Structure formats: structure tokens, C-alpha cells
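In what follows, a structure is listed as C-alpha cells, so that the remarks can point back to it.
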Amino acid sequence: MKSAQAQATPPPPSSALPTFYWLVFGVYEPLLTLCGFMGVLADPKQAFEQQAPWPSNTPPEKMSSAAYVCILQLANVGALCGLINLFVLQACRKHLFAQPALQETIVGALLSALLIGDIAHLTITLWALGESRWEVSKWGGLLWVTIVSGLSLMVPRIAWHLGIGRYVDRRDGQFVRRG
């Protein structure tokens with residue numbers, strides 16, 4: 011005969027990545043990065059020109075080969091990050107469903123690296139803009155997408171690490187303040 015407390019305790023979830031986080035990191039982020047890659051392939055010159063405001067307000071007529079290669083490689087790396095995210099998270103959910111603690115370790119490692127990348131990406135972007143970082147009316151569409159999408163991924167990563175919307179409170183117990 012089981013005790014009432016044992017019957018009332020819900021089983022631990024089978025995923026360290028609840029549905030909301032799966033949708034953000036396993037669906038939204040890969041789609042975002044793949045769409046960005048396809049957009050750059052479709053019009054690399056426009057993608058390059060919208061990375062930052064131009065001092066003379068008119069970009070050069072022709073894009074240099076170095077700029078062309080650079081923007082295509084940037085888009086490739088972005089798409090690769092999205093695909094790595096998708097495949098690692100999908101593998102964790104599929105093959106480690108009975109081991110949520112191991113899932114959490116792997117997902118935490120992935121999201122930690124990506125959070126560092128988010129912070130670096132936003133910081134470097136704003137730093138590289140120089141004084142034009144404050145002239146938001148001159149920002150191109152792609153620069154806005156970079157900032158907004160970066161924040162839309164960074165905030166949920168921080169929330170995941172804080173345990174928001176996850177089962178850590180049921181697993182580890184309520185936070186007890188020491189002092």
C-alpha cells in the first residue's frame with residue numbers, strides 16, 4: 011500500500027526542456043537562423059549594407075569580394091548554430107527521455123555557450139556601431155532584426171538558467187535563503 015504522499019508526488023518530467031523552451035530553442039531559433047541564411051543567399055549585398063548605417067548614407071555601388079565572402083560565411087555560421095541547436099536538443103529529448111538529469115546537463119552546456127554567444131554578439135554589435143549605436147532611426151532592418159532577435163533568444167536562455175518554467179523547484183525543493 012502506497013502512502014498518500016507518494017501518490018500525490020507527480021513523476022518528474024521526461025524532458026529538461028519543457029514545451030515553451032523547446033519551441034524557442036528547437037523550433038524558433040533554427041527557423042530564424044535558416045531564414046537569415048536564405049535571406050543572405052537571396053540578396054547578399056542588401057544583407058551586407060543593412061549591418062550598420064553608412065556614414066554617407068549611401069553604400070558603394072559594388073560589394074567587394076571580401077565583403078561578399080564575409081557576409082555569406084556569417085550567414086553560414088548562424089545557420090550552423092541553429093542546426094546544432096536543433097539536432098542536440100532533439101537528440102536529448104529522443105534518446106535521453108528517461109534521464110532528465112543528464113538531459114539537463116547537456117542542455118545546460120549548450121544553452122550556456124549560446125548565452126555567452128548572445129551576450130558577446132549584442133555587445134560586439136553595439137560596440138562596433140560606434141556613435142551610430144545611438145542613432146536608431148538610421149539603423150537598417152537587418153540591424154534591428156539582429157538586436158531584437160538576439161534579445162528574444164537571450165532572455166529565454168537566462169530564464170532557463172534561472173529555472174523559470176522548469177521543474178527544478180519540484181526536484182530540488184524550494185529555494186531556502188541562508189543568512
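In the numbering used here, the protein residues as written are 11 to 189. Positions of the beta carbon are idealized from the N, C-alpha and C atoms, including for glycine. Here the structure is a predicted model, which is why all the values come from computation and not from measurement.
Proximity winner among the options, relative to residue i (alpha-carbon distances)
i	options	result
Ala130	Leu161, Glu114, Leu112	Leu161
Ser122	Pro40, Asn95, Gly140, His105	Asn95
Ile126	Arg167, Phe30, Ala26	Arg167
Cys91	Pro70, Gly36, Ile81	Gly36
Cys80	Lys55, Pro70, Ala169, Thr29	Lys55
Ala62	Trp170, Ile116, Val146, Tyr177	Val146
Leu124	Val87, Tyr78, Ala77	Val87
Gly140	Asp53, Thr156, Gly46, Pro65	Pro65
Val155	Arg103, Thr135, Trp170, His171	Thr135
Gln83	Glu71, Gly46, Leu172	Gly46
Which of helix, strand or coil DSSP assigns to residue i
i	result
Tyr177	coil
Thr156	helix
Leu27	coil
Met73	coil
Asn67	coil
Trp170	helix
Ala89	helix
Gly49	helix
Gly151	helix
Beta-carbon proximity list for residue i, same chain, < 8 Å, skipping 5 on both sides
i	result
Arg188	In this prediction, Arg188 scores a pLDDT of 48, lower than 50, which makes its location untrustworthy; the coordinate-derived value is nonetheless stated afterwards. Excluding positions up to five away in sequence, the list is empty.
Leu44	Ala89, Gly92, Leu93
Pro40	Gly92, Leu93, Asn95, Leu96
Gly150	Glu59, Gln60, Gln61, Ala62, Pro63
Ala138	Ala62
Val186	Bear in mind that the predicted position of Val186 carries a pLDDT of just 47, short of 50, making it too unreliable to give a figure here.
Terminal residues of the alpha helix (DSSP H) in which residue i lies
i	result
Gln56	54–59
Ala123	110–138
Supposed contact pair residue j and residue i - C-beta distance, whole angstroms, cut 8 Å
i	j	result
Gln113	Leu106	5 Å
Ala85	Val50	4 Å
Phe58	Met73	6 Å
Trp32	Leu132	Not quite, the Cβ-Cβ distance comes to about 24 Å (not below 8 Å), so this is no contact.
Spatial neighbours of residue i in its chain, beta-carbon cut-off 7 Å, leaving aside the 5 residues before and after
i	result
Asp228	This structure gives no information on residue 228, because the portion of the chain shown stretches from 11 to 189.
Phe30	Gly175
Leu152	Ala57, Gln60, Gln61
Spatial neighbours of residue i in its chain, beta-carbon cut-off 6 Å, leaving aside the 5 residues before and after
i	result
Ala26	Pro110, Gln113, Glu114, Val117
Ala77	Phe58
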